[in-house]
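**Q** Sharing a structure, written as structure tokens. Questions coming.
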Amino acid sequence: MKKYVYSLMTLAIIILAGCSTPKNIAYMQDADQLPAEVLNATAKAVDPVIMPGDILQINVGSLNAEAVKPFNKTEYLATTPTMNTNDQENSIYYYLVDNNGYIDFPMLGQLHIGGMTQSAVQNHIASLIYPRYLTEKPNVEVRFKNFHVYVLGEVKSPGMLKAANGRMNVLEAIAQAGDLNIQGRRDNVMVIHTNADGSRTVNRVNLLDKNILVSPHFNLQQNDIIYVEPNASRARSSWSVPPGLSLGMSAVGTLISIATFVITLTKL
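Position 34 (the sequence shown) corresponds to 19 in the working numbering; numbering is contiguous.
Put into structure tokens, the structure is as follows:
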């Protein structure tokens, strides 16, 4: 009987010990030990790729403003009860990339830009305009109007995050989401990426590992989804005991109390 009681007590101690708070919560541990040449190799920012459904603002500039006017899809909207003509968001007609990766561009017609990088689109449009229409090469600027990512799970402020400059990395997204809760799993964060052809890939990043800084999944693309899983402590706290098991545990507790009482009496 004594062995039975001691075994149950040992099991209880193990369970309680497992409820301790995980110690590994510091991000990018030993990041200062990464060689400079490794960090320099990743210094160049990743150029976003145009995908169907993207909304773009494309401006064509030149010293001769009149010459590039036909290539700019710009028009101030008339005043309506629901619109403000001073609002720059209402002053530009944006380009929507269709399901086949095309946009309808003034003077140039249908352009296939799906799967191209932001800088490649800028160079492509400039090459179509100069020297056919202009005597000097124009400056073409492409900006994303819908660059956003989604952060879900064990963060303080889950939701959709926007990047005005069309770029965001994993740490920036987590920072904008208010950082991970203490119950968030830091060593296995899921990043779901939508490719230009509509397919998806699922990758994992370890925020504790210094090598996240050189990971190919460090920089995000538009519409990426970051999911932070709960750690073991969080999972245990949300676990509910089934009614049948609860009754069984109560009975076991009663038996332990009786056994302890009997052992005590035998010692008297």
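Here a beta-carbon is modelled for each residue, glycine too, at the ideal position from N, C-alpha and C.
These figures come from a predicted structure and were not determined experimentally.
Between the segment 102 to 112 and the segment 181 to 188, do three or more beta carbon pairs fall short of 8 Å?
**A** They do not touch, by the three-pair rule.
**Q** What are the uninterrupted segments assigned as alpha helix (DSSP H) that are 4 or more residues long and contained completely in the segment 88 to 176, given in chain order?
**A** DSSP runs (the alpha helix (DSSP H)) wholly in the segment 88 to 176: 103 to 114, 155 to 161.
**Q** Keeping to the same chain, check which residues put their C-beta closer than 7 Å to that of S142; ignore five residues upstream and five downstream.
**A** Here the set comprises A162, G163.
**Q** Hey, G46 and E157 are a contact pair by Cβ (cut 8 Å); roughly how many whole angstroms apart?
**A** Not really, about 29 Å apart at Cβ, beyond 8 Å.
**Q** Quick one: Cα of R170 to Cα of Y12, how far?
**A** One C-alpha to the other measures close to 11 Å.
**Q** Is V34 helix, strand or coil when you go by DSSP?
**A** Reduced to three states, the DSSP call for V34 is strand.
**Q** Throw me the rounded Cβ distance for the I114 and F56 pair, which I believe falls under 8 Å.
**A** About 6 Å separates the two Cβ atoms, so the contact holds.
**Q** Is E139 closer than 9 Å to N216 when the C-beta atoms are compared?
**A** In this structure, E139 lies closer than 9 Å to N216 by Cβ.
**Q** Is D39 helix, strand or coil when you go by DSSP?
**A** Of the three classes helix, strand and coil, the one that applies to D39 here is coil, per DSSP.
**Q** For L96, does the count of other Cβ atoms within 10 angstroms reach 16, so buried, or fall short, so exposed?
**A** L96 should be labelled buried.
**Q** What residues in its chain sit with their C-beta under 8 Å from that of Q14, if we drop five residues either side in the sequence?
**A** Result list for Q14: L193, D194, K195, in chain order.
**Q** Under DSSP, the alpha helix (DSSP H) around N53 begins and ends at which residues?
**A** What sits at residue 53 in the sequence shown is Val, not Asn. Where V53 is concerned, the enclosing alpha helix (DSSP H) stretches over 50 to 53.
**Q** Quick one: measure Cβ to Cβ for N154 and T179, integer angstroms, because I've assumed they're closer than 8 Å.
**A** Not confirmed; about 17 Å, so no contact.
**Q** Between the Cα of K58 and the Cα atoms of T102, Q103, L41, Y78, which residue gives the shortest distance?
**A** Minimum Cα distance to K58 is reached at Y78.
**Q** Could you spell out where the beta strand (DSSP E) holding V199 opens and where it closes?
**A** Per DSSP, V199 belongs to no beta strand (DSSP E) and is neither H nor E.
**Q** Roughly how many angstroms separate the alpha carbons of N124 and I211, rounded to a whole number?
**A** Distance between the alpha carbons of N124 and I211 is about 35 Å.
**Q** From the DSSP output, which residues share a beta bridge with L81?
**A** For L81, which the question treats as bridged, DSSP gives the partners I40.
**Q** Whose CA, out of D32, A21, V82, lies closest to the CA of I43?
**A** Closest option to I43, Cα to Cα, is V82.
**Q** Measure the Cβ-Cβ separation of V34 and Q168 and say whether it is below 9 Å.
**A** Result no, Cβ atoms of V34 and Q168 do not sit closer than 9 Å.
**Q** Out of curiosity, what's the CA-to-CA distance linking M36 and K130?
**A** The straight-line gap from Cα to Cα measures roughly 13 Å.
**Q** Consult DSSP for Q14 and reduce its assignment to one of helix, strand or coil.
**A** Strand, per DSSP.
**Q** Using 9 Å as the threshold, is the C-beta distance between V213 and V174 below it?
**A** Yes. Within cutoff.
**Q** For N204, which of helix, strand or coil comes out of DSSP?
**A** The answer is strand: DSSP assigns N204 an E or B state.
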